[in-house]
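Novice: Using this note's numbering, you'd call the opening residue of the sequence shown number -6 and step up by one each time.
Think of the CB as a built atom: it goes at the ideal place given N, C-alpha and C, for glycine as much as any other residue.
These numbers come from a predicted model, not from an experiment.
My questions will all concern the structure given below.
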Amino acid sequence: MTEPSSLNAPSSSASPTPQVEESSETSYRALVDAIQDYAIFTLTGTGHISSWSPGAQRMKGYAAAEVIGKHFSVFYTPEAVASGWPDYELRCARAEGRFEDEGWRVRKDGTLFWANVTITPIYDESRAVSGFAKVVRDMSERRRLEEIEASSRRMSEFLATLSHELRNPLAPVRNAINLMRLDTSLSPHAARCRDMIDRQISHLTRLVDDLLDVGRIASGKVGLRLRNVDLRDVVERGIESARPVLDLRGQQVDVSLPDEPVAFRADLTRLVQVLQNLLHNAAKFSPAGSRIAISGEVTGRLLELRVSDPGCGIQHDALEDIFSLFVQRSSPISEARNAGLGIGLSLCRSLVELHGGTIRASSAGLGKGSTFTIQMPCIKHQPADTAADTSPRTGALRVLVVDDNRDSADSLAMLLEMLGHEVSVAYEGETARAIATRFSPHLALIDIAMPVMDGFELLKILRTQPELPGTVYVAMTGFGQPADHEDTHAAGFHAHMVKPIEMSHLEMLLATVGRRIARGE
């Protein structure tokens, strides 16, 4: 007996008339034929193909005449066939009444696709299995997106770990630089060496931050802390952030902004980061001793901020490519040739677009300079939010430093002592617990990733000690992603500081704790 070449409608326990049966089968066949996104076909009890549908032909590439009568293992990889997987699917479907799986399948042209497969038995009138119905869905696009998401997640985790491993050795170097700044007896030669190290540490720290930001933006994990900010404040902070590079190259910045205040909604830190990157870019591709211009104007409710340089310029066909990730600009200026990782401008565009703005580059050609223009909506006649009082407090604090990195702990302790504070150091959690109950610190700076007892466990213990009712606990770590901040906040830390700690941030923290003590909190 030959097998039918099209799907049959399911049987009924009643005995329909031939006309009704034919109408039902025609309707069922029309329904199956209309489904294009699924491969629907039937198999004999031995696994040979007995019917075929247009959706199956579209997905697998076989016409009905080419495939009917063949064993369905033709759709499986050689490895799967050798392992007996097709027959295993039928045995499971026969025994359990249904089989579902996902895996690689093979088209007529030999290409692979990721498929979701469902097999159900077809029973005859005596309830014996006479064949199988098989439904296949192409899940290649979903799998591709899952792989992209998994790859992005692995990259973010790798960058976070890399950041931590790089920040830890940077911390004692930064502390040592800050100590040297407090030493007024340094010779001019030693001071120049200190400043050189400081610039390179700042550059390396900025590269680590940019790499992390690229990973966070790619995975959609960057959130903005929006508030009303003032244009002039953003520009001044951006110039100050880029000052080490500008001073090194003997470059000046000319600023031309509207006389009246211009306020707009933005994340101040992120926007300063954008301007800093643009100034670094301008300095790098412009001659030493040149002048860079920052100008701004407001048209209606649109702010336009421009950073212009007299540097090497950009070819017309590269004006858009330079915003792509890891694309590097070439330059006739030797020290700028193939410089950087190619992430700064890509990061600038992403951060500006997160603010609802745009950024574009323009240039008259090679050797004729370039201009980067940011456009963002602004708020007229609305003042910027005022910053919190950060005036220092001169009273000495008792500070406990806990870090298993001895160089980091000792250098930070030396810096705090030179600032006039009383410091005690512990290199592991149990020692820190014992010291804290005797020392009763106003402030505890605690590293998170420590062996035996990590910072979270130590904090839990210290918070139960009656001798420490008003201690301020600050996480001090190389991990600085938003999730890390959330974890330390949820654990009970008052603040989260990322290594290497900037001197200005440390002074602000000490002033905040000092004012808190003065208020009797």
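With a CB to CB cut of under 8 Å and the five nearest residues on each side skipped, what residues in its chain are close to His41?
Specialist: Working through the sequence shown from its first residue, we reach residue 41 at position 48. Taken in chain order, the residues that qualify are Glu(-4), Gly62, Lys63, His64 and Phe65.
Novice: Taking Cβ to Cβ, would you say Pro47 is nearer than 8 Å to Arg87?
Specialist: The residue labelled residue 47 in the question sits at position 54 within the sequence shown. The residue labelled residue 87 in the question sits at position 94 within the sequence shown. No, Cβ-Cβ distance for Pro47 and Arg87 is not below 8 Å.
Novice: Cα separation between Arg225 and Ser433?
Specialist: Here the question's residue 225 lines up with position 232 in the sequence shown. Here the question's residue 433 lines up with position 440 in the sequence shown. Approximately 44 Å between the Cα atoms of the pair.
Novice: Would you kindly check if the distance between the Cβ of Phe68 and the Cβ of Arg98 is under 8 Å?
Specialist: Translated into positions along the sequence shown, residue 98 becomes position 105. Translated into positions along the sequence shown, residue 68 becomes position 75. Taking 8 Å as the Cβ cut-off, Arg98 and Phe68 qualify as a contacting pair.
Novice: What does a CB cutoff of less than 6 Å around Ala406 pick up in its chain, not counting 5 residues either side in sequence?
Specialist: By 1-based counting over the sequence shown, the position of residue 406 is 413. Excluding residues within five positions, the ones whose Cβ falls inside 6 Å are Val394, Val416 and Val418.
Novice: By the 10 Å Cβ neighbour count, where 16 or more other Cβ atoms means buried, how is Thr464 classified, buried or exposed?
Specialist: Counted from its first residue, the sequence shown places residue 464 at position 471. Burial call: buried.
Novice: So, under 8 Å CB-CB, Thr364 and Ser279 are touching, yes? Tell me the CB distance rounded to an integer number of Å.
Specialist: Residue mapping note: residue 364 aligns to position 371 of the sequence shown, counting from 1. Residue mapping note: residue 279 aligns to position 286 of the sequence shown, counting from 1. The pair is not a contact, with the Cβ atoms about 12 Å apart (cut-off 8 Å).
Novice: Please give me, in chain order, every unbroken run of the alpha helix (DSSP H) with length at least 4 that falls completely inside the region 405 to 484.
Specialist: Within the region 405 to 484, the complete alpha helix (DSSP H) runs of at least 4 residues are 422 to 432, 448 to 455 and 475 to 484.
Novice: For Arg218, which residues in the same chain have their Cβ closer than 7 Å to its Cβ, ignoring the five residues on either side in sequence?
Specialist: Within the sequence shown, the letter at position 225 stands for residue 218. So the qualifying residues of the chain are Asp260.
Novice: Just to confirm before moving on: does the CB-CB distance between Asp440 and Thr470 stay below 8 Å?
Specialist: Taking the first residue of the sequence shown as position 1, residue 440 is located at position 447. Taking the first residue of the sequence shown as position 1, residue 470 is located at position 477. Yes.
Novice: Could you pull out every residue in the same chain whose Cβ sits closer than 6 Å to the Cβ of His489, ignoring the five residues on either side in sequence?
Specialist: Along the sequence shown, one-based indexing puts residue 489 at 496. So the qualifying residues of the chain are Ala468, His478 and Thr481.
Novice: For the region 116 to 123 against the region 155 to 162, are there 3 or more C-beta pairs whose distance is under 8 Å?
Specialist: The region 116 to 123, when compared against the region 155 to 162, does not touch it at the 8 Å Cβ threshold.
Novice: Quick check on the DSSP output: what are the complete beta strand (DSSP E) runs of length 3 or more inside the region 233 to 312, in order along the chain?
Specialist: You should have 245 to 249, 256 to 259, 284 to 292 and 295 to 302.
Novice: Give me, in chain order, the residues of the same chain whose beta-carbon lies closer than 6 Å to that of Leu409; leave out the 5 immediate sequence neighbours on both sides.
Specialist: In the sequence shown, the residue the question calls residue 409 occupies position 416. So the list reads Val392 and Val416, once near-sequence residues are dropped.
Novice: Ignore the nearest five residues each way along the sequence and tell me which others in Gly337's own chain have a CB closer than 7 Å to its CB.
Specialist: Indexing the sequence shown from 1 puts residue 337 at position 344. Cβ within range, chain order: Asp203, Asn270, His273 and Asn274.
Novice: State the DSSP-derived secondary structure class of Asn161, mapped to helix, strand or coil.
Specialist: In the sequence shown, the residue the question calls residue 161 occupies position 168. Reduced to three states, the DSSP call for Asn161 is helix.
Novice: Could you tell me which residues DSSP puts in a beta bridge with Asn221?
Specialist: Residue 221 sits at position 228 when you count from the first residue of the sequence shown. DSSP output for Asn221 lists Arg258 as bridge partner(s).
Novice: In whole angstroms, give me the CA-to-CA distance for Arg136 and Val129.
Specialist: Translated into positions along the sequence shown, residue 136 becomes position 143. Translated into positions along the sequence shown, residue 129 becomes position 136. Approximately 15 Å, taken between the alpha carbons.
Novice: Is DSSP giving Glu95 helix, strand or coil here?
Specialist: Reading the sequence shown from its first residue, position 102 is the one you call residue 95. If DSSP states are grouped into helix, strand and coil, Glu95 belongs with the strands.
Novice: Are there three or more Cβ pairs, one per stretch, closer than 8 Å when the region 228 to 235 is compared with the region 349 to 367?
Specialist: Touching, no.
Novice: At which residues does the alpha helix (DSSP H) containing His81 begin and terminate?
Specialist: For this step, residue 81 is matched to residue 88 along the sequence shown. The residue asked about is misnamed: residue 81 is Tyr in this sequence, not His. First-last of the alpha helix (DSSP H) with Tyr81: Trp78 to Glu89.
Novice: Are Ile367 and Leu298 closer than 8 Å when you measure CB to CB?
Specialist: The residue you call residue 367 lines up with position 374 of the sequence shown. The residue you call residue 298 lines up with position 305 of the sequence shown. Cβ distance < 8 Å, so Ile367 and Leu298 count as in contact.
Novice: Run through DSSP, which three-state label would Met369 get?
Specialist: For this step, residue 369 is matched to residue 376 along the sequence shown. Strand at Met369.
Novice: Identify the residues that DSSP records as bridge partners of Gly38: which are they?
Specialist: Translated into positions along the sequence shown, residue 38 becomes position 45. DSSP, once it has assigned bridges, lists no residue as partnering Gly38.
Novice: Could you please give me the residues that DSSP links to Ser355 through a beta bridge?
Specialist: Here residue 355 corresponds to residue number 362 of the sequence shown, with the count starting at 1. According to DSSP, Ser355 bridges with Thr364.
Novice: In the DSSP assignment, find the unbroken beta strand (DSSP E) run with Met490 in it and report its ends.
Specialist: Translated into the one-based positions of the sequence shown, residue 490 becomes position 497. Note, Met490: beta strand (DSSP E), Ala488 to Val491.
Novice: Given a cut-off of 8 Å on the beta-carbon distance, is the pair Val267 and Val291 in contact?
Specialist: Within the sequence shown, the letter at position 274 stands for residue 267. Within the sequence shown, the letter at position 298 stands for residue 291. Against a cut-off of 8 Å, the Cβ pair of Val291 and Val267 comes out as no contact.
Novice: With Val215 and Asp206 assumed to form a contact (beta carbons below 8 Å), what rounded beta-carbon distance in angstroms separates them?
Specialist: Along the sequence shown, one-based indexing puts residue 215 at 222. Along the sequence shown, one-based indexing puts residue 206 at 213. Confirmed, Cβ separation roughly 7 Å.
Novice: Grab me the residues of His374's own chain with a C-beta within less than 7 Å of its C-beta, minus the 5 sequence neighbours each way, in chain order.
Specialist: Within the sequence shown, numbered from 1, the residue matching residue 374 stands at position 381. With a pLDDT of only 48 at His374, under the threshold of 50, the placement of this residue in the model should not be trusted, and no figure is reported.
Novice: Could you give the C-beta distance for Pro165 and Asp397, rounded to a whole number, given that I count them as a contact under 8 Å?
Specialist: For the purposes of this step, residue 165 is taken as the residue at position 172 of the sequence shown. For the purposes of this step, residue 397 is taken as the residue at position 404 of the sequence shown. Not confirmed; about 13 Å, so no contact.
Novice: From what residue to what residue does the beta strand (DSSP E) around Val345 run?
Specialist: For the purposes of this step, residue 345 is identified with residue 352 of the sequence shown, where counting begins at 1. No beta strand (DSSP E) holds Val345; the alpha helix (DSSP H) holding it covers Gly337 to Leu347.
Novice: I'd like the span of the alpha helix (DSSP H) that includes Leu127, first residue to last.
Specialist: Counted from its first residue, the sequence shown places residue 127 at position 134. It should be noted that the sequence gives Lys, not Leu, for residue 127. Taken as a continuous stretch (DSSP letters only), Lys127 belongs to no alpha helix (DSSP H), being part of the beta strand (DSSP E) at Val122 to Asp131.
Novice: To which residues of the same chain is Val345 closer than 8 Å at the C-beta, ignoring the five residues directly before and after it?
Specialist: Here residue 345 is taken as the residue at index 352 of the sequence shown, counted from 1. So the list reads Val267, Thr351, Ile352, Ile367 and Met369, once near-sequence residues are dropped.
Novice: For Leu179, name the three-state secondary structure that DSSP assigns.
Specialist: Reading the sequence shown from its first residue, position 186 is the one you call residue 179. DSSP places Leu179 in coil when its eight states are reduced to three.
Novice: Could you check if Arg342 is buried or exposed, using at least 16 other CB atoms within 10 Å of its CB as the buried criterion?
Specialist: In the sequence shown, the residue the question calls residue 342 occupies position 349. Burial call: buried.
Novice: Can you say whether Asp131 is buried or exposed, counting buried as having 16 or more other CB atoms within 10 angstroms of its CB?
Specialist: Your numbering for residue 131 matches position 138 in the sequence shown. Under this definition Asp131 is a buried residue.
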